[in-house]
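Residue numbers (the numbering used here): 40 to 198. Heads up, the thing below is written out as structure tokens.
Quick look at the structure:
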């Protein structure tokens with residue numbers, strides 16, 4: 040979907056979708072330029088364009104990763120799920136966190152994201168099981184009340 044930039048800013052669309060649109064637009068734009076330069080056999084321009092494309096794509100991908108990290112951290116805080124904190128300021132020394140080279144933002148690695156997502160799922164499952172436990176007792180109590188009501192109706196009618 041190719042919406043003009045001013046429309047993308049006006050329409051209330053989730054940020055991650057807008058970033059993915061930007062990513063696709065950057066890749067499409069560079070592919071056209073690279074194709075035109077390769078038709079002219081300008082290898083240096085093709086190389087420069089590919090390098091610029093990699094840099095811009097990496098920038099948008101870092102923004103996407105940072106946004107997704109913020110979303111999952113918000114969900115984890117809401118559910119009171121413990122989050123592993125950065126153990127070092129070295130971006131390469133932490134298995135759960137990494138720092139973007141272009142933006143400088145910290146975001147979860149694939150392993151950190153999947154571990155946190157699993158912890159959130161386990162917390163939601165545990166909460167669901169706690170509620171399901173009460174549903175069983177509530178339905179048993181409802182059945183008991185229905186039985187007592189039926190017996191009272193029979194005894195009152197026969198008596």
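Even glycine gets a Cβ: it sits at the ideal position worked out from N, Cα and C. Note that this is a predicted model, so its numbers are computed, not measured.
Simplified DSSP state of residue i, which is helix, strand or coil
{"i": "residue 177", "result": "helix"}
{"i": "residue 79", "result": "coil"}
{"i": "residue 73", "result": "helix"}
{"i": "residue 103", "result": "helix"}
{"i": "residue 56", "result": "helix"}
Beta carbon of residue i nearer than 8 Å to that of residue j
{"i": "residue 46", "j": "residue 72", "result": "no"}
{"i": "residue 112", "j": "residue 122", "result": "yes"}
{"i": "residue 65", "j": "residue 99", "result": "yes"}
{"i": "residue 159", "j": "residue 114", "result": "yes"}
Close beta carbons around residue i, own chain, < 8 Å, minus the five adjacent residues each side
{"i": "residue 134", "result": "148, 150 and 151"}
{"i": "residue 116", "result": "122"}
Cα-Cα separation between residue i and residue j, rounded to whole angstroms
{"i": "residue 143", "j": "residue 173", "result": "48 Å"}
{"i": "residue 187", "j": "residue 161", "result": "39 Å"}
{"i": "residue 180", "j": "residue 106", "result": "47 Å"}
{"i": "residue 176", "j": "residue 101", "result": "49 Å"}
{"i": "residue 165", "j": "residue 182", "result": "26 Å"}
{"i": "residue 110", "j": "residue 178", "result": "37 Å"}
{"i": "residue 94", "j": "residue 168", "result": "47 Å"}
{"i": "residue 57", "j": "residue 63", "result": "10 Å"}
{"i": "residue 43", "j": "residue 69", "result": "18 Å"}
{"i": "residue 67", "j": "residue 48", "result": "20 Å"}
{"i": "residue 54", "j": "residue 108", "result": "13 Å"}
{"i": "residue 79", "j": "residue 140", "result": "33 Å"}
{"i": "residue 91", "j": "residue 118", "result": "41 Å"}
{"i": "residue 171", "j": "residue 61", "result": "44 Å"}
{"i": "residue 185", "j": "residue 195", "result": "15 Å"}
{"i": "residue 156", "j": "residue 74", "result": "40 Å"}
{"i": "residue 50", "j": "residue 81", "result": "40 Å"}
{"i": "residue 197", "j": "residue 189", "result": "12 Å"}
7 Å CB neighbourhood of residue i in its chain, flanking five on each side removed
{"i": "residue 125", "result": "133, 136 and 145"}
{"i": "residue 192", "result": "none"}
Beta-carbon proximity list for residue i, same chain, < 6 Å, skipping 5 on both sides
{"i": "residue 127", "result": "133"}
{"i": "residue 84", "result": "76"}
{"i": "residue 154", "result": "none"}
{"i": "residue 37", "result": "Summary: the structure shown does not reach residue 37, with the chain confined to residues 40 through 198, and so no result is reported for it."}
Return the chain-ordered ranges of every alpha helix (DSSP H) run that is complete within the segment 105 to 165 and spans a minimum of 4 residues. Listed in chain order, nothing qualifies, since the segment 105 to 165 has no complete alpha helix (DSSP H) run of 4 or more residues.
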